[in-house]
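First the structure, in the form of structure tokens, and then the observations on it.
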Amino acid sequence: MKKVIVIFCVLSLLIFIRPALGLGTNTNSNNINSSKTTEQVDTIEESNSYSGAFEGLQQFYNYTGFANVTSGHAIMILIGIIFIFLGIKYDYEPLLLIPIGTGVILGNIPFVAGNQTGIYETGSVLNYLYFGVVKGIYPPLIFLGIGAMTDFSSLIANPKLMLLGAAAQIGVFATFLGALYLGFSLPEAGAIGIIGGADGPTAIFLSSKLANGINILADGTTVKNLIGPIAIAAYSYMALVPVIQPPLMRLLISKKDRKIKMKPPRAVTQKEKMIFPIVALILTLFISPSALPLLGMLFFGNLLKESGRTERLADTARTKLIDIVTILLGVTVGASTQADIFITKDSMLIFGLGAISFIIATCGGLMFAKLMNLFLKGDNKINPLIGAAGVSAVPDSARVVHHEGLKSDPSNYLLMHAMAPNVSGVIGSAIAAGIILSFLG
1 MKKVIVIFCV LSLLIFIRPA LGLGTNTNSN NINSSKTTEQ VDTIEESNSY
51 SGAFEGLQQF YNYTGFANVT SGHAIMILIG IIFIFLGIKY DYEPLLLIPI
101 GTGVILGNIP FVAGNQTGIY ETGSVLNYLY FGVVKGIYPP LIFLGIGAMT
151 DFSSLIANPK LMLLGAAAQI GVFATFLGAL YLGFSLPEAG AIGIIGGADG
201 PTAIFLSSKL ANGINILADG TTVKNLIGPI AIAAYSYMAL VPVIQPPLMR
251 LLISKKDRKI KMKPPRAVTQ KEKMIFPIVA LILTLFISPS ALPLLGMLFF
301 GNLLKESGRT ERLADTARTK LIDIVTILLG VTVGASTQAD IFITKDSMLI
351 FGLGAISFII ATCGGLMFAK LMNLFLKGDN KINPLIGAAG VSAVPDSARV
401 VHHEGLKSDP SNYLLMHAMA PNVSGVIGSA IAAGIILSFL G
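Under UniProt numbering, the first residue of the sequence shown is numbered 1, with each subsequent residue one higher.
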């Protein structure tokens, strides 16, 4: 029994002192090697994990706007911010400039092509909304709302003032000739020319028909897509009416003529107001059938207003409908100004031509008003300032005329008189667009 206990104690002692004696070296070596291998695998896996995370971050960065931004994008985003600033700070056509400015920013956020993001990518949301611009759907709806909110009484009471709206259209044809001189094709020049009418919806409508990047010329070349530059130029100069027109008025019209007081317009009956849109619709469309989408909706909207039986429809047209269309039109037109398409030599030329045409149109109206006074006597004379309202920037141009008249004589109220050439300018620019379209479309 004692021998068994001694053997058990010796074996136990050997087990405990075996590591100290180095008897387990091979096993430990194997364990160490195994441990090192495990550590190496863990290091490799950790390295692969870091590499994968880095590649993921790099791929994420490549999809951000920071990786794809160009100086052109930055310039256009700055322009969008300026538009918004002008609309908010100085109240320059905020209903137009704020949506357009926002659209410019949206259209110039850098993106990776192929993800159905950009306005020119088939299947994108912006592309679907832009369909209304490309196909000329939005402008007639805008004209419907304008007709439903316009009072033609001043024009009906004094029809001769319609000549001032016609005279201002000289800017359209001057710009057309200037565009041809600068090397634009006939359809492109026709679309650019309508900027002289200072009518955004008309400019979009005509450019969507003539300069849409789809039509093929006789020599096989494709016309350029100039909808964005033309629309932005037209709306920009509409918004800048309070800046551009007053210096021209003071330059061309003497202080004495600026003080001319016009006799109050006669009262217009409701029956005349109801008959006018029907007669005007027939006459203008017989003159220019191609303007049917614009003038047809303009006078239809006015008939809704004046009939006295469709107030609900008229109210919808001049409020909810025109507001919705203005938002869609402004945002999509703004978004169409992607830097790679918008920042071109053609765009700069269009803006230059637009400025010149707007000046010519304003001067044409002012000078024609002075010419008319040579044939008018006594209190039938007109204040030449209202000639500037012949451009179709409704109603801002009429307001500018009114404020300029008040500066010369605080008791001289020209707003109602100026509205006559102002609304006739809308009609005149649409007729001019129809004539151009019938020849070049």
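Just so it is clear, CB atoms sit at the ideal spot from N, CA and C, and this is done for glycine as well. Every value quoted in this text rests on a predicted model; they were computed, and no experiment measured them.
Anticipated Cβ contact below 8 Å, residue i with residue j, distance rounded
i	j	result
T202	P139	7 Å
I195	S288	Actually they do not touch by this definition, with Cβ atoms about 18 Å apart.
L385	L406	About 10 Å separates the two Cβ atoms, so there is no contact after all.
I145	G334	Correcting the residue identity first, residue 145 is Gly in this sequence and not Ile. That belief does not hold up - the Cβ atoms of G145 and G334 are roughly 20 Å apart, past 8 Å.
G301	A280	Contact flag wrong, Cβ pair sits at about 12 Å.
I244	I192	That pair is no contact at about 18 Å.
I100	Y235	6 Å
residue 479	L163	The requested residue 479 does not occur in the structure, where the chain is confined to residues 1 to 441.
L180	A189	5 Å
R258	S411	About 13 Å separates the two Cβ atoms, so there is no contact after all.
I75	I343	7 Å
I360	I170	6 Å
V266	A157	One point to set straight first is that residue 266 is Arg, not Val, in the sequence displayed. That belief holds up - the Cβ atoms of R266 and A157 are roughly 5 Å apart, short of 8 Å.
N68	F111	7 Å
T362	L248	5 Å
V423	F152	6 Å
Proximity below 8 Å, CB of residue i to CB of residue j
i	j	result
A339	T70	yes
L155	A355	no
N212	I227	yes
G425	A168	yes
residue 492	S185	With the chain covering only 1 through 441, there is no way to say anything about residue 492.
V325	L126	no
Y92	P246	no
G123	S392	no
S336	Y130	yes
L366	A388	yes
G80	I98	no
G147	M297	yes
A166	L294	no
V401	T102	no
A314	L304	yes
L437	K209	yes
A239	L95	no
Per-residue DSSP class, three states only, for residue i
i	result
N30	Any reading at N30 needs caution, since the residue's pLDDT is 46, under 50, leaving its predicted position unreliable; the model's value is listed next. DSSP places N30 in helix when its eight states are reduced to three.
I119	coil
I109	coil
T102	helix
T344	coil
N422	helix
N212	strand
N225	strand
A53	helix
G197	helix
G296	helix
L177	helix
K36	With a pLDDT of 46 at K36, under the threshold of 50, the modelled position of this residue cannot be trusted; read the value that follows with caution. K36: helix per DSSP, three-state reduction.
G22	Only weak support exists for where G22 lies, its pLDDT of 45 falling under 50; the value from the coordinates is given anyway. Correct three-state label for G22: coil.
L329	helix
L281	helix
R312	helix
K255	helix
A393	coil
F375	coil
S411	coil
G354	helix
Q59	helix
A218	coil
L182	coil
Delimiting residues of the alpha helix (DSSP H) encompassing residue i
i	result
E93	Per DSSP, E93 belongs to no alpha helix (DSSP H) and is neither H nor E.
V401	396-408
residue 470	Residue 470 is absent from the model: the chain starts at 1 and stops at 441.
R266	Looking at the DSSP string, R266 is not in any alpha helix (DSSP H), and its letter there is neither H nor E.
R318	It is not in any alpha helix (DSSP H) - R318 carries neither H nor E in the DSSP assignment.
I260	Here I260 belongs to no alpha helix (DSSP H), and DSSP marks it neither H nor E.
I156	153-157
I142	138-149
A291	Element bounds for A291: n/a, residue is neither H nor E.
V125	125-134
L164	162-167
G65	65-68
Closer than 7 Å: residue i CB and nearest the ligand COA heavy atom
i	result
A233	With respect to small molecules bound, the structure shown includes none, and the ligand COA cannot be examined in it.
Below-8 Å beta-carbon distance, residue i vs any chain D residue
i	result
A339	No chain D is part of this structure, which consists of one protein chain only.
Stretch-stretch touch, CB-based, cutoff 8 Å, three pairs: the stretch 108-119 with the stretch 261-281: Flag = no, the stretch 108-119 and the stretch 261-281 do not touch.
Three or more C-beta pairs below 8 Å linking the stretch 284-300 and the stretch 259-268: no
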